[in-house]
Structure formats: C-alpha cells, structure tokens
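Student: Mind having a look at this structure? Questions to follow.
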Amino acid sequence: MEQWIIDKFDESHYKLTMQRRALLNYIHTHPHVTADLCTESLPSDRVSIATVYRNLNLFEELGIIEKLWLKGTAYYEIKNKSSIHMLCKSCGLVEEIEYPVKNMMTEFLNDSFGILVDDVKVEISGVCKLCNDKETLYDRKEHKS
Ligand SMILES: [Zn+2]
262 MEQWIIDKFD ESHYKLTMQR RALLNYIHTH PHVTADLCTE SLPSDRVSIA TVYRNLNLFE
322 ELGIIEKLWL KGTAYYEIKN KSSIHMLCKS CGLVEEIEYP VKNMMTEFLN DSFGILVDDV
382 KVEISGVCKL CNDKETLYDR KEHKS
C-alpha cells in the first residue's frame, strides 16, 4: 500500500479497513477492473456488490481511484499519480503538470478505435510560463521600437 493512499485515509475520517485494503490492492494489481470483478475478488462471500460500490465511490471521493467509462461500463483504477512532464526549451525547467492524460487518452482511443490502453507516456516540450511571459514582454518591446 503506497503511503499517499494511507495519507488520504488519515486526512479523512474514514478507516482503512482490511476490506478496503484488500479492495485497493486488487484494483492496484488489476487496472481497468469492474465493480463486479472487485466483488468476486474479495475473499468473503458476505461482501455485497452494494458494499463494493460504496467503497469504490468513497475511494473516488478521496481521490484514490479513478473511474473510466468504456462502452457504458465503469472501470476503476488507482489514480495515476505520475502526471505529465513539460520540458522548457528555453530554461530547461521540468514542470510537473497534473492532468488526467491517461484517462482522457484511454477513453478517447477506446471510443474512437476500440483500443484498450494499457499505459500512456506523454512528454511535452514547450516554453514554461516564466519564459513565455519574458518572451511576450520582449516581443512587445521589439514591436514598439
Ligand atoms: Zn522556461
């Protein structure tokens, strides 16, 4: 169990119970999992799908998992903490941008091409805000003279 997940529970008034732990571990090892599969995965047959849904909603609310809609079915996965990185061509700064690129690509590629995406790696190159502001200022000055 990754620390940031434990922290999410600590910050909330919810407890990271054995059942929730098992559920999260299952989602972690089985990306793109449905609620049905989650229910089947849990050892105790006393766990109802309603309980699983309640926990999935809670995890989503806490920002631990993400829901993807593929062909009308909800798939769950642990939130992709690795955001996209932008390398500034001008100053070399590597900026980390939190953007749900993986989910957006997964949904788009599935809807448009029927592809089930496993992983997405995106590298952005461009100019950071600071350099861009400087350049804009410079352009304006150039323009005036
Ligand atoms: Zn820069």
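According to our numbering, the sequence shown holds residues 262 to 406 in order. We put the beta carbon where it would ideally sit given N, CA and C, even for glycine.
Would you decide whether K363 is buried or exposed? Buried here means 16 or more other CB atoms lie within 10 Å of its CB.
Tutor: The residue in question, K363, is buried, as its Cβ has 16 or more Cβ neighbours within 10 Å.
Student: Taking 7 Å as the cut-off, is the C-beta of S373 nearer than that to any heavy atom in ligand 1?
Tutor: Not under cutoff, so the answer is no.
Student: Put S406 into one of helix, strand or coil per three-state DSSP.
Tutor: Note on S406: pLDDT 48, under 50, position unreliable in the model; no value is reported.
Student: In the DSSP assignment, the alpha helix (DSSP H) including Y287 goes from what residue to what residue?
Tutor: M279 to T290 is the extent of the alpha helix (DSSP H) around Y287.
Student: With a threshold of 7 Å, establish whether the CB of V294 neighbours any heavy atom of ligand 1.
Tutor: Answer for V294: no, Cβ out of range of ligand 1.
Student: Just to confirm the assignment, what range does the beta strand (DSSP E) spanning Y336 have?
Tutor: Its beta strand (DSSP E) spans residues T334 to I339.
Student: According to DSSP, is C392 part of a helix, a strand, or is it coil?
Tutor: The answer is helix: DSSP assigns C392 an H, G or I state.
Student: Kindly give me the distance between the Cβ atoms of A229 and Y314, rounded to whole angstroms, as I take these residues to be in contact under 8 Å.
Tutor: With the chain covering only 262 through 406, there is no way to say anything about residue 229.
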